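The sequence shown: position 57 = 79 (my numbering), numbered continuously.
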Amino acid sequence: MENIIAPAVVGAIICVLGILNLCGNLSLLHSYHYKRVSAADKKPFCTLVGIGTVLIGVGMLLFSLFAFLTKQTENLIFTTVGAGLLIAAAVIGIILNFYAMIKYNHGIF
């Protein structure tokens, strides 16, 4: 059961952090990720980083849902689908975060 609850808790925490980024809270990131972001670009930067972070959190939540379905049905296809969704969400979320940093911060450091 812990292999269902742990990803759900981590996913929920990541979603909350992403929502806080969407609201414009840059202090959750290291300062070198946003120190060169202009005031005019702050909102689009926060939006992209927030969407990427929420996407990763949703991927974790979906994975835990599919892990629960696997446990209930004993059909491993659900875990495979959940893992695929998690990997896709993580890759897209990380790409969005790096894109935002490169575009608005002019680099990742």
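For each residue, glycine too, the CB sits at the ideal point set by N, CA and C.
Treat the numbers as computed from the prediction; the structure is a model and nothing was measured.
Range of the contiguous alpha helix (DSSP H) that encloses residue i
i    : result
M123 : I99 to N127
G81  : K64 to T95
N25  : E24 to L44
Residue j beta carbon less than 9 Å from that of residue i
i    : j    : result
F131 : Y54  : yes
M39  : T75  : In the sequence as displayed, the identity of residue 39 is Leu instead of Met. Yes; because the gap between Cβ atoms is below 9 Å, this pair is in contact.
G33  : G79  : yes
S86  : A122 : no
L83  : T92  : no
Rounded separation between residue i and residue j - CA only
i    : j    : result
F67  : Y126 : 6 Å
G153 : G46  : The structure shown has nothing for residue 153, since the chain only spans 23 to 131.
A89  : A62  : 42 Å
Residue environment, residue i, which counts as buried when at least 16 other CB atoms sit within 10 Å
i   : result
N43 : buried
V59 : buried
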